[in-house]
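Here's the structure we're looking at; comments come further down.
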Amino acid sequence: MSSLPPVEPVPAASVAGFDHECDVLVVGFGCAGAAAAYEAAAAGADVLVLERAGGPGGSSAVSGGELYLGGGTAVQKACGFEDTPDDMFAYLMAALGPHADEEKLRLYCDGSVEHFEWFRERGLTFNESLYDAPSWMPPTQDGLMWLGENAWPYNTIARPAPRGHRPATESFGGWMIMEKLVAAATEAGAVAHADTQATNLVIGDDGRVAGVVARRYGAPLTYRARRAVILTTGGFVDSEELLRQHAPVLLGHGKVSDGLDDGSGIRMAAAAGAATRRMSVVEIALTALPAMLTRGMLVNGLGQRFVNEDVYPGLFSVAAVLHQPGPYWAILDEEGYEDIPKRDLWGVRPRFVAETLTELEESLGMPPGALESTVGVYNRHAERGEDPYFHKDAKWLRPLRPPYAAIDPRRGFGAGDRESSGTGVAGFTLGGLHTTVDGAVLDQSGRPIPGLYAAGRASSGIHGDGYISGTSLGDGTFFGRRAGRAAAGRPLPGGTLVTEG
Ligand SMILES: Cc1cc2nc3c(=O)[nH]c(=O)nc-3n(C[C@H](O)[C@H](O)[C@H](O)COP(=O)(O)OP(=O)(O)OC[C@H]3O[C@@H](n4cnc5c(N)ncnc54)[C@H](O)[C@@H]3O)c2cc1C
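All residue numbers for the sequence shown refer to the working numbering, where the first residue is 3 and numbers rise by one.
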């Protein structure tokens with residue numbers, strides 16, 4: 003028996019009179035909802051936005067604010083990098099793959115410079131400087147960062163250029179993006195109703211989505227959408243039951259969300275016949291610091307290396323959590339630890355230190371000789387500036403010497419010496435409603451459900467089995483914009499013509 007609230011669509015004929023009416027009704031005021039609301043209102047539609055929380059923001063507002071953009075943006079040029087949409091596409095096809103969505107990705111890469119300028123026109127500023135080391139989140143105001151483009155094997159697939167664009171604020175910048183996008187949507191004429199949770203779609207006799215039923219402080223409300231409803235309600239990492247059904251790999255791990263990603267929009271649309279895609283695909287982050295791993299190594303519970311440590315951290319996280327026996331350890335020597343700038347240490351300290359690898363592997367519960375053998379092979383090649391197993395960049399290669407340290411990702415960032423009950427892993431979901439490049443939600447037969455659109459993590463976007471930071475805010479806003487325009491009857495160029503069923 004399901005513990006999930008019922009979401010069956012309500013027949014329009016059963017609604018005696020609608021409490022509110024608009025042309026385009028956007029459900030969810032995160033980045034995808036704000037982009038959709040702005041574009042629909044700018045195209046002349048009368049727009050209402052429903053938000054179940056007390057105000058706009060969603061996971062977008064608490065996010066890092068990294069935006070994956072490229073193809074030759076002004077910031078890339080100012081920092082001395084040449085880039086093309088083709089190189090960006092080749093990198094993302096590999097890094098977001100296998101099975102990245104080729105059609106959406108092509109449009110995303112071809113439109114990336116324009117999308118960057120769209121952010122600037124909405125008032126977002128990006129400093130013209132590069133943070134030149136692998137990181138989850140640079141502790142600086144640099145406007146550009148690498149997201150694994152210069153790491154093997156990706157540097158053999160496409161010409162490397164940094165594409166992580168960051169708003170001009172230190173550390174987490176999602177709040178700044180949302181501040182600008184909410185202001186833009188509001189100035190364009192979109193009106194928000196906060197504390198208002200959509201619970202069911204309303205469907206007319208002709209099969210067209212005609213609005214939603216919602217609840218505010220427990221009281222029911224009905225909304226009519228003359229043109230379309232756009233679902234931008236986020237993903238489903240906060241629903242244990244949906245995780246159990248579709249993405250059990252995240253069960254028991256931390257949640258990368260604002261706590262309201264319960265998949266309500268996906269469920270409402272699915273109950274009305276919508277198809278979903280890639281519901282098992284997730285973003286996974288292992289609480290291990292690139293600054294440590296590049297200077298040392300990441301090993302599995304058997305003391306073996308398994309990945310190039312200077313790839314985008316989400317990719318070493320996937321390699322570990324999905325494919326290797328845990329627990330995972332960052333192994334480092336004292337010289338490497340001392341070499342890390344304090345600002346990149348994030349309060350993380352070794353869990354075990356030892357003069358010999360025999361001692362260290364015993365403390366970590368590894369088979370005798372396991373770590374000794376891994377470090378021995380690594381050192382032999384590092385002496386010559388080589389890493390024939392995983393091709394870590396030569397600038398990080400140096401034989402590890404005693405004393406050694408092991409860092410435990412389960413302790414989390416900033417935990418110091420404290421014990422932690424976490425798994426050292428957190429993530430969010432990437433699968434969702436099956437949509438066209440213009441956000442039209444498709445049914446099980448591949449036909450658009452009339453009057454229904456979706457974008458952001460409520461939909462399946464550009465991702466295959468991989469994730470790169472910045473591609474969620476990136477594709478959420480890019481395809482949110484397209485959905486807003488299409489819902490208002492003024493689609494942006496580049497879409498395929500689809501006939502509503
Ligand atoms: C700590 C953290 C760091 C991150 N860093 C990055 C990063 O740097 N770059 C990046 O690209 N991504 C990052 N992400 C991921 C990214 O923030 C999200 O995937 C993205 O913001 C999703 O956008 P969205 O518009 O689809 O959903 P959200 O921003 O979550 O918005 C959905 C909104 O819908 C509302 N809602 C839900 N259901 C209903 C309903 N039934 N009725 C009314 N309202 C409803 C929610 O309250 C919410 O406000 C990060 C996430 C977190 C939590």
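All residues carry an ideal CB built from backbone N, CA and C; glycine is no exception.
Through-space distance from residue j to residue i, alpha-carbon basis
i: L94; j: S462; result: 16 Å
i: T127; j: V258; result: 25 Å
i: D335; j: G371; result: 18 Å
i: G378; j: P401; result: 9 Å
i: A489; j: A442; result: 8 Å
i: G338; j: I286; result: 26 Å
i: G191; j: W398; result: 52 Å
i: S241; j: A356; result: 42 Å
i: R492; j: G209; result: 22 Å
i: F238; j: R403; result: 45 Å
i: N157; j: A230; result: 43 Å
i: L324; j: L444; result: 30 Å
i: R205; j: G448; result: Reading off the sequence shown, one finds Ile at residue 205, where the question assumed Arg. Rounded to whole angstroms, I205 to G448 spans 19 Å at the Cα level.
i: R467; j: G176; result: Per the sequence shown, the amino acid found at residue 467 is Asp instead of Arg. The straight-line gap from Cα to Cα measures roughly 24 Å.
i: G503; j: Q446; result: Below a pLDDT of 50, predicted positions are generally treated as unreliable, and G503, at 46, falls in that range; the measurement from the model is reported next regardless. Cα-Cα distance, rounded: 12 Å.
i: P411; j: R122; result: 37 Å
i: L252; j: A293; result: 25 Å
i: H393; j: M368; result: 25 Å
i: R353; j: G426; result: 14 Å
i: Y314; j: E23; result: 45 Å
i: A384; j: D89; result: 30 Å
Proximity of residue i and residue j at Cβ, strictly below 8 Å
i: I232; j: G486; result: yes
i: A102; j: I464; result: yes
i: A14; j: V28; result: no
i: G150; j: A92; result: no
i: N152; j: P141; result: no
i: I179; j: S61; result: no
i: S2; j: P155; result: The structure shown does not extend to residue 2, since the chain spans only 3 to 503, so no value can be given for it.
i: T473; j: Y70; result: yes
i: A43; j: A187; result: yes
i: T198; j: A221; result: no
i: A273; j: P11; result: yes
i: V350; j: K106; result: no
i: T289; j: G414; result: yes
i: L432; j: W348; result: no
The alpha helix (DSSP H) enclosing residue i, as first and last residue numbers
i: P315; result: P315 to H325
i: A293; result: P292 to R297
i: P141; result: No alpha helix (DSSP H) contains P141, which DSSP labels as neither H nor E.
i: W2; result: Lying outside 3 to 503, the shown extent of the chain, residue 2 is not represented and no answer is given.
i: A488; result: T473 to A489
i: A273; result: S266 to A273
i: A170; result: Where A170 is concerned, there is no enclosing alpha helix (DSSP H), given that its DSSP letter is neither H nor E.
i: A76; result: A76 to A80
Member of the options whose CA lies at the smallest distance from the CA of residue i
i: E119; options: A153, L50, W154 and H167; result: H167
i: N202; options: T142, K394, A80 and V211; result: V211
i: P100; options: R280, V9 and C24; result: R280
i: P452; options: T376, G175 and G275; result: G275
i: S16; options: P87, Y391, R226 and T376; result: R226
i: L366; options: N381, E10 and W331; result: W331
i: V51; options: G30, G145 and L245; result: G30
i: L373; options: G66, M299 and A321; result: M299
i: F174; options: V64, M294 and D312; result: V64
i: T376; options: A321, Q306, V427 and H393; result: Q306
i: G1; options: G476, A290, V427 and L494; result: Outside the shown range of the chain (3 to 503) lies residue 1, about which nothing can therefore be said.
i: G56; options: R218, V214, D21 and K344; result: R218
i: G35; options: A18, S471, P292 and R54; result: R54
i: M270; options: E23, Q78 and G434; result: G434
i: D263; options: A76, I342, C24 and G458; result: G458
i: L359; options: L245, D341 and A407; result: A407
i: G478; options: P352, E23, Y314 and G32; result: G32
i: N310; options: P405, R297 and D341; result: R297
i: E189; options: R484, G303, Y455 and V49; result: V49
i: A135; options: H383, L494, F481 and R345; result: R345
Residue i CB to nearest heavy atom of ligand 2 below 7 Å
i: T473; result: Of the ligands this structure carries, namely ligand 1, none is ligand 2.
Terminal residues of the beta strand (DSSP E) in which residue i lies
i: D48; result: Here D48 belongs to no beta strand (DSSP E), and DSSP marks it neither H nor E.
i: D88; result: Where D88 is concerned, there is no enclosing beta strand (DSSP E), although the alpha helix (DSSP H) it sits in stretches over P87 to A97.
i: A456; result: P450 to A456
i: V284; result: V284 to L288
i: A332; result: W331 to D335
i: A63; result: Where A63 is concerned, there is no enclosing beta strand (DSSP E), although the alpha helix (DSSP H) it sits in stretches over G60 to V64.
i: R29; result: Strictly speaking, residue 29 in this sequence is Val, with Arg absent from that position. Note, V29: beta strand (DSSP E), H22 to V29.
i: A356; result: F354 to A356
What ranges does the alpha helix (DSSP H) occupy inside the stretch 360–442, keeping only unbroken runs of at least 4 residues that lie completely in it? 372–384
Beta strand (DSSP E) runs wholly inside the stretch 182–248, at least 3 long, in chain order: Qualifying beta strand (DSSP E) stretches, in chain order: 193–195, 198–205, 211–218 and 221–233.
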